[in-house]
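Participant:
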Amino acid sequence: MNDTALDRPDTFAARPAAVTTAFVALVVAVSCGIAESIVRSVSLLDDDAAGIGSLASGWLLRTVVYVVVLGIAWRMRRGDRWARLLLTFGIGVIGTASLVVEPIGMFAASGWELLADIGATTVLVAITRIGHLCAVFVAIPAMYTPAARAWFRAGRAAAPVGSVSTAPRDPGPRAGPGTPIRIPGRRRA
């Protein structure tokens with residue numbers, strides 16, 4: 002068998018463009034998160050008080066989160082409804098809140114004086130955060146367009162050639178009172 006899970010064609014019939022858009026937007030969101038982490042790490046490395054251990058543990062945690070999000074996004078792209086729900090709650094609610102709480106807290110503490118102390122790091126972090134939020138605000142609604150909802154509801158509509166379908170078979174019309182019983186292999190007279 003020469004097919005792997007990553008290089009075989011999708012097992013779905015006509016994935017809606019909105020689902021692909023959502024997947025790409027989630028990849029962009031993760032990329033913005035990585036970019037923000039790099040900017041913050043470079044900024045912290047300039048600070049003598051920053052420890053390499055704390056940076057490494059922060060990067061380890063972020064890497065795990067990013068890999069998990071990308072894995073779930075991949076499953077969403079393949080049609081798994083549970084992945085769409087996890088992304089909606091995890092990225093759409095918790096992730097968005099985590100991106101918004103820090104700047105709101107900083108602004109609440111400093112007010113407009115915060116703008117007087119803006120440096121290159123702050124501008125780069127703001128740009129990556131705005132990109133991250135915009136990508137999430139594209140991805141989540143895209144997963145719930147009418148075409149995407151219908152596609153997720155339908156599930157795995159078509160299987161690749163040579164695979165075994167897990168879809169239930171249609172038993173045909175149900176026999177009821179007065180319905181003649183057909184025995185396979187016998188012809189009706």
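Per the numbering used here, the sequence shown starts with residue 2, numbered consecutively.
All C-beta atoms, glycine included, are put in the ideal place defined by N, C-alpha and C.
The structure displayed is predicted, hence computed values, not measured ones.
1) Using the three-state DSSP reduction, which class does PRO192 fall into: helix, strand or coil?
2) Ordered along the chain, which non-local residues of its own chain (more than five positions away) have a Cβ less than 6 Å from that of SER44?
3) Could you pull out every residue in the same chain whose Cβ sits closer than 6 Å to the Cβ of VAL29, ignoring the five residues on either side in sequence?
4) Rounded to whole angstroms, what is the Cα-Cα separation between VAL124 and ILE39?
5) Just the Cα atoms here: how many angstroms apart are LEU115 and ARG82?
6) Buried or exposed: GLU37, going by 16 or more other Cβ atoms within 10 Å of its Cβ?
7) On the three-state DSSP scale, how would you describe MET144?
8) To the nearest angstrom, how far is the alpha carbon of VAL70 from that of PHE138?
Facilitator: In this structure, then:
1) Given that the chain is displayed from residue 2 to residue 190, the structure contains no residue 192 and the question cannot be resolved.
2) In the sequence shown, counting from the first residue as 1, residue 44 sits at position 43. Correct list, in chain order: THR122.
3) Along the sequence shown, one-based indexing puts residue 29 at 28. Excluding residues within five positions, the ones whose Cβ falls inside 6 Å are ALA136.
4) Translated into the one-based positions of the sequence shown, residue 124 becomes position 123. Translated into the one-based positions of the sequence shown, residue 39 becomes position 38. Their backbone Cα atoms lie some 14 Å apart in a straight line.
5) Along the sequence shown, read from residue 1 onward, the residue named residue 115 stands at position 114. Along the sequence shown, read from residue 1 onward, the residue named residue 82 stands at position 81. Looking at the two C-alpha atoms, the distance is approximately 42 Å.
6) Here residue 37 is taken as the residue at index 36 of the sequence shown, counted from 1. GLU37 is buried by the Cβ-count criterion.
7) Start at 1 with the first residue of the sequence shown, and residue 144 comes out as number 143. MET144 falls in the coil class under three-state DSSP.
8) Position 69 of the sequence shown holds residue 70. Position 137 of the sequence shown holds residue 138. Looking at the two C-alpha atoms, the distance is approximately 16 Å.
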